[in-house]
Amino acid sequence: VQLAFNTIKNGCKRGVFSNEAGLGSSVMVHSNSCVREPVRQGMWGIAEVFLDTIVICTMTAIVVLNSGAIDLETGLVREGVNDSTLVAKAFGSTLGRPGEWFVVLAITLFAFTTVMGWSYYGAKVTEYLLGVTFARVYRIIFIGLIVLGAIMESNLAWDISDTFNGLMMIPNLIGIIVQIPLIIKLTQNYVDRRIKGRDIAPILSYNRDIQADAEAAVAKGIS
Numbered sequence: 008v009q010l011a012f013n014t015i016k017n018g019c020k021r022g023v024f025s026n027e028a029g030l031g032s033s034v035m036v037h038s039n040s041c042v043r044e045p046v047r048q049g050m051w052g053i054a055e056v057f058l059d060t061i062v063i064c065t066m067t068a069i070v071v072l073n074s075g076a077i078d079l080e081t082g083l084v085r086e087g088v089n090d091s092t093l094v095a096k097a098f099g100s101t102l103g104r105p106g107e108w109f110v111v112l113a114i115t116l117f118a119f120t121t122v123m124g125w126s127y128y129g130a131k132v133t134e135y136l137l138g139v140t141f142a143r144v145y146r147i148i149f150i151g152l153i154v155l156g157a158i159m160e161s162n163l164a165w166d167i168s169d170t171f172n173g174l175m176m177i178p179n180l181i182g183i184i185v186q187i188p189l190i191i192k193l194t195q196n197y198v199d200r201r202i203k204g205r206d207i208a209p210i211l212s213y214n215r216d217i218q219a220d221a222e223a224a225v226a227k228g229i230s
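The letter at position 131 of the sequence shown is residue 138 when you use our numbering, and the numbering goes up by one with no holes.
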């Protein structure tokens, strides 16, 4: 029971860190997309979480469990295998050195894109709240925090990350719950028009400009 509890707890924490589901951070990227219908872009967001968590993370877990690096009875990493090199050792047990180097390359790219992504998120939020000047200051502070994160104890870094993820998730999930009626309305409208082929009113968008454009297009006979 304790093993199952720890698995679920750590899976949720690392899963959120990996796919950002519920944090609201990826909205800043999706909102810049050039699509007319919010439901279609939302589906891309759902697909990202599915591929990241269900496909990639599950495949990684299967490789690790079958590599012998973990004692399946206790759930503990075997002696001589470090937590930080667990996945690399697992791939290396079957594919040899190329497998280990593949994992190293994947982690390097993941770390780089994560740093770039969160830098963009933070800069946009700071610019929105305080202006362009403060956004530049934020970038300088962000670079300093990258160095600090690289040299601090890993457990402390994870604890800080989990804490701030939780602080982001709580207000965002409250906002999502409040918007549930609108989400249902938008999705139902999309399904009725695009999948069921019903001749009904155009996009029900939260964005008034998009809604006005859609209504004007329908008035002119443009789908």
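Each residue gets a CB set at the ideal place from its N, CA and C atoms; glycine is no exception.
Just so we're clear, the structure is a prediction, and the values are computed from it rather than from any experiment.
Practice prompt. In the DSSP assignment, find the alpha helix (DSSP H) that holds residue 190 and state where it starts and stops.
Written response: From DSSP, the alpha helix (DSSP H) with residue 190 extends over 187-197.
Fill in: Same chain only: Cβ atoms within 6 angstroms of residue 205, ignoring 5 sequence neighbours per side
199
Fill in: Exposed unless 16 or more other CB atoms sit within 10 angstroms - verdict on residue 97
buried
Fill in: Delimiting residues of the alpha helix (DSSP H) encompassing residue 66
65-74
Fill in: Completely contained beta strand (DSSP E) runs for the region 106-141, where each covers 3 or more residues
none
Worksheet item: CB-CB under 8 angstroms to residue 25, same chain, minus the five flanking residues each way: which ones, in chain order?
Response: 59, 60 and 64
Discussion item. If you follow the alpha helix (DSSP H) that residue 55 is in, where does it begin and where does it stop?
Written reply: For residue 55, the enclosing alpha helix (DSSP H) begins and ends at 45-57.
Fill in: Status (buried if at least 16 other CB within 10 Å, exposed otherwise) for residue 135
exposed
Item to complete: Flag this pair as touching only if the region 68-82 and the region 98-109 have three or more C-beta atom pairs under 8 angstroms; answer yes or no.
Response: yes
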